[in-house]
Ligand SMILES: Nc1ncnc2c1ncn2[C@@H]1O[C@H](COP(=O)(O)OP(=O)(O)O)[C@@H](O)[C@H]1O
Ligand SMILES: [Mg+2]
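Residue numbers (our numbering), protein chains in the order written: chain A, 1 to 111; chain B, 1001 to 1141.
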């Protein structure tokens, strides 16, 4: 499924990386531990997390993730958004908590 | 790829903002050289974890990589506190990261195990009060 379908169906706010929405999504991974995502996230996964600091951009870029969904509408600092934009990393945001957005995404991908 | 491609980076302790720069550049270099994607993924994981440890635990360090026809060699040495018990530090889940680092989602105690898992050869040497040296080799064939 394309990232754009997910954005539309889950009403995600796209904060950076508008140009990558045609990328294919292979699944999702939920974790707030960065080493865990480095170890167990898969290429093309959407990463659901509450982390919003600069290092999430490097994790997503190094792992070729499809994008990051920030939960609970947690604010993302401008420097993080700028870095994400320049590294072509897609950051999206939802008001929902991780459990709820993950449930919806699971249904969308596997339903 | 007959010649050796190499690169080197300074890593400043505490500089979380630049974390991943060395790993990103190594990744682009490997992509440019047409290295197999699974190998690039392993190199990226191992290098990033090594880079993070210098940023989290040491005052400063240096990362140097060499790529030739057969293998990628990544050497990271730092001026840091050193590791007293390497066997313990290598255990998954062991971490001395302070709370504020854990709040960033680091400090899961998976860094050294991740490096080892993703390398074909892994060496770590450390002298308390001087620093730590890590060598990661990933075979290309
Ligand atoms: N370069 C280093 N200098 C000093 N101590 C280190 C270094 N790298 C790792 N350590 C020690 O080894 C522990 C385990 O490291 P690691 O497996 O990367 O997990 P984490 O960084 O999540 O704690 C660290 O908590 C720290 O005590
Ligand atoms: Mg670590």
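Each residue gets a CB set at the ideal place from its N, CA and C atoms; glycine is no exception.
- In summary, residue 1128 (chain B) is exposed, with fewer than 16 beta-carbon neighbours lying within 10 Å of its beta-carbon over all protein chains present.
- Apart from the 5 residues on each side of it in sequence, residue 101 (chain A) sits with its Cβ closer than 7 Å to the Cβ of 10, 48, 69, 71 and 94 in its chain, given in chain order.
- In terms of beta-carbon proximity, residue 1090 (chain B) stays away from the interface with chain A, with every pair separated by 9 Å or more.
- In its chain, beyond the 5 residues on either side, 1020 and 1023 have a beta carbon closer than 7 Å to the beta carbon of residue 1048 (chain B).
- Beta bridge pairing from DSSP links residue 1131 (chain B) with B:1079 and B:1127.
- Of the heavy atoms belonging to ligand 1, none sits nearer than 8 Å to the Cβ of residue 1047 (chain B).
- With contacts defined by Cβ atoms closer than 9 Å, residue 63 (chain A) and residue 43 (chain A) form a contacting pair.
- Residue 1075 (chain B) places its beta carbon 9 Å or farther from that of residue 1139 (chain B).
- Placement of the Cβ of residue 40 (chain A) at a distance of 8 Å or more from every heavy atom of ligand 2 is found.
- For residue 1110 (chain B) and residue 1092 (chain B), the gap between their C-alpha atoms comes out near 5 Å.
- Linking residue 1081 (chain B) to residue 56 (chain A) through their CA atoms gives a straight-line distance of about 27 Å.
- Listed along chain A are 61 and 62, each with a C-beta nearer than 9 Å to that of residue 1027 (chain B).
- The DSSP assignment places complete beta strand (DSSP E) segments of no fewer than 3 residues inside the stretch 1046–1118 of chain B at 1060–1067 and 1071–1079, in order along the chain.
- Among the residues facing chain A, residue 1124 (chain B) is not included, as its CB has no counterpart in that chain under 9 Å away.
- Contact between residue 46 (chain A) and residue 28 (chain A) holds, with the beta-carbon distance rounding to 5 Å and staying under 8 Å.
- Around the beta carbon of residue 1009 (chain B), a 10 Å sphere encloses 16 or more other beta carbons of the protein chains shown; the residue is thus reported as buried.
- When Cβ pairs closer than 8 Å are counted between the two stretches, the stretch 1091–1106 of chain B is seen to touch the stretch 1050–1059 of chain B, the count reaching three or more.
- Check the Cα spacing between residue 1046 (chain B) and each of B:1030, B:1077 and B:1119: the tightest is with B:1119.
- Relative to the non-hydrogen atoms of ligand 2, the Cβ of residue 1100 (chain B) never comes closer than 8 Å to any of them.
- Taking non-hydrogen atoms of ligand 1 into account, the C-beta of residue 90 (chain A) is found less than 8 Å away from none of them.
- Our two residues, residue 83 (chain A) and residue 54 (chain A), have alpha carbons roughly 8 Å apart in a direct line.
- For the 9 Å CB-CB criterion, residue 67 (chain A) and residue 91 (chain A) form a contact.
- Counting only the Cα atoms, residue 20 (chain A) lies some 9 Å from residue 4 (chain A).
- In this structure, residue 1119 (chain B) has its beta carbon at no less than 8 Å from each heavy atom of ligand 2.
- In terms of side-chain proximity, the C-beta atom of residue 26 (chain A) is found no nearer than 8 Å to any non-hydrogen atom of ligand 1.
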